[in-house]
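Below is one structure, written out as structure tokens; the observations come after it.
Protein chains in written order, with the working numbering: chain Z, 21 to 121; chain D, 21 to 121; chain C, 21 to 121; chain R, 21 to 121; chain X, 21 to 121.
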């Protein structure tokens, strides 16, 4: 999975029927320092993420697992929201995660 | 999924039988400002997109979901058309999408 | 799918048994002007393509669909041959494809 | 699979239910000399890896095989830990691996 | 599939149980002239390749096909060995492969 920030939403009246009623977000990747980088791309939301939140998303077939067995034609889906104040590469953070299992 | 613009169509008499009768389009990726970028590639159309329209497409196995369970050998398929005047990264757009669910 | 030109064939005596008897081709990607670009890679042929022909190929699981349900371990397979004199990004071409459906 | 080093952990309260109770790690790719390179990304741990260890991970659908048939939406999972003092590209190493089968 | 050269082996005591007893190799991609290029990565061997041999490998789900239906979490597997003296992009080679079918 990769880290990304939600930067917008996508409005599409004409789309695959299995995408009807789902939130389509525009996201950008995050680099090691937590800054957005690269081109924006489209990801389907499965956890209720909103614009401005930092998330991680799965690509490929795994991108449709949250709606399994519905054949949603998504190749990138947001599967988790980063907790605020916990960007993973910060020094103070990596030293205190031993309790997460 | 990624944003792209339809830039042409592909004419192929000799092709996999599961592609017979389907519209094969040539598309190019869109960057954050809505400009085409990178090399054109081939995508199968599942929503009726035409040359000049902005779309988003799914890659990988998901690219064949719109025709499921027919084993269409497509690894990139257009699954939605962007509504006109709604390019997602524009300021005026991202602020008003709260109603899309 | 992506556009490519067949540039050679691959000779392999020792290979996966599901690849026995299939034509293994070496191809290179085509850019917007129809020129080869990037490194050559290996693709399995499912439509009878030959050296010098322009084709489009599917990657990933879709690359094994033409031989389904045989579990051919191919991640890139040629699924269509471009018609001669019809390179998709040429001006004279994109304007006359309305009849392809 | 690719070589990577575990550089941190990811804290996410809101995530896909199939990720609950699993360790989510942040890793960075390793280059030929064993140095970290590129942006960090998120991988699910299936072998008990910890921060500082060198591992190799599988991407794509294979990334969810360790939990099969649970539909874990992971596209990158750590499937092995490199033995210490055995970085594969070191001269003294490649010459002595004939016994591994 | 892509062309690569086997450059080493990987020693991993702690790994996914479906990888136990399989040879794990380190490979590097080959460019058009047959030289290694890019970072080394990890591939599972299914055909008995050894260090120094030129091979082609399949990525993604296809990478686990040689062990099907065992759910081996490999996303890159060597599926064929190039015959010696037959690098595909050499002039003298591409002209004499018409008999391969």
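All residues carry an ideal CB built from backbone N, CA and C; glycine is no exception.
| said: Under 8 Å: do the segment 33-46 of chain Z and the segment 49-64 of chain R share three or more Cβ pairs, one atom per stretch? | reply: no
| message | Ignoring anything shorter than 3 residues, give me the beta strand (DSSP E) runs that lie fully in the segment 24-87 of chain X, in order along the chain. | response | 44-50, 56-65 and 74-79
| field | Contacts of residue 94(C) in chain D (Cβ-Cβ under 9 Å) | value | Here the premise fails: no neighbours, minimum Cβ distance about 11 Å.
| task | Can you pull the chain R residues whose beta carbon is under 9 Å from the beta carbon of residue 1(Z), in chain order? | result | Beyond the ends of chain Z as shown, which are 21 and 121, falls residue 1(Z); an answer cannot be given.
| Are residue 27(D) and residue 92(D) touching if we call contact CB-CB under 8 Å? | no
| request: Pair every Cβ in the segment 61-75 of chain R with every Cβ in the segment 94-103 of chain R, then say whether three or more of these pairs are closer than 8 Å. | output: Per the Cβ contact rule, the segment 61-75 of chain R is in contact with the segment 94-103 of chain R (3 or more Cβ pairs under 8 Å).
| task | Starting from the Cα of residue 73(R), find the closest Cα among 96(R), 55(R) and 33(R) and give me that residue. | result | Comparing alpha carbon positions, the residue from 96(R), 55(R) and 33(R) closest to residue 73(R) is 55(R).
| Collapsed DSSP secondary structure at residue 99(R) in the structure displayed | strand
| request: Taking only the alpha-carbon atoms, compute the straight-line gap between residue 22(Z) and residue 95(R) and give it to the nearest angstrom. | output: Here the C-alpha atom of residue 22(Z) lies approximately 9 Å from the C-alpha atom of residue 95(R).
| Comparing the C-beta of residue 79(R) with each C-beta of chain X, is any distance below 8 Å? | yes
| query | residue 15(R): buried (16+ other C-beta within 10 angstroms of its C-beta) or exposed? | reply | Missing from the structure shown is residue 15(R); chain R here goes from 21 to 121 and no further.
| Whole-number beta carbon distance between residue 83(C) and residue 81(D), since they are thought to touch under 8 Å | The C-beta separation of residue 81(D) from residue 83(C) comes to about 11 Å, leaving the pair out of contact by the 8 Å criterion.
| Cutoff 8 Å: residue 70(X) Cβ touching any chain C Cβ | Residue-level contact check: residue 70(X) does not touch chain C, since none of the beta carbons of chain C fall below 8 Å from its beta carbon.
| Residues in its own chain within less than 8 Å of residue 78(R) by CB, not counting five upstream and five downstream? | 21, 85, 96, 97 and 99
| CB contact below 8 Å: residue 39(R) versus chain Z | Judged by the 8 Å Cβ criterion, residue 39(R) is in contact with chain Z.
| query | Is it right to say residue 29(C) is buried, meaning 16 or more other beta carbons lie within 10 angstroms of its own, or is it exposed? | reply | buried
| query | Just how far apart, CA to CA, sit residue 32(D) and residue 75(X)? | reply | Each residue's Cα considered, the two are about 32 Å apart.
| request: Look at the alpha carbon of residue 37(R) and the alpha carbon of residue 87(R), and state the distance between them as a whole number of angstroms. | output: 14 Å
| said: So that I know if they touch, is there some Cβ in chain R lying closer than 8 Å to that of residue 197(X)? | reply: With chain X covering 21 to 121 only, the question about residue 197(X) has no answer from this structure.
| query | So, is residue 104(D) buried or exposed, given that buried needs 16 or more other C-beta atoms within 10 angstroms? | reply | Result: exposed.
| request: Express the C-alpha separation of residue 57(D) and residue 60(X) in angstroms, rounding to a whole number. | output: 29 Å
| List, in order along the chain, the chain X residues whose C-beta lies closer than 8 Å to that of residue 65(R)? | Within chain X, no residue comes near residue 65(R); the closest Cβ sits about 11 Å away, beyond 8 Å.
| field | Min CB distance residue 24(C) to chain D below 8 Å | value | no
| request: Using the Cα positions of residue 62(D) and residue 34(X), report the straight-line distance between them to the nearest angstrom. | output: 42 Å
| Along chain R, in chain order, which residues have C-beta atoms closer than 9 Å to that of residue 27(Z)? | Under the 9 Å cutoff, chain R gives no residues; its nearest Cβ is about 17 Å from residue 27(Z).
| query | Looking at the C-beta of residue 100(X), does it have a partner C-beta in chain C at a distance below 8 Å? | reply | yes
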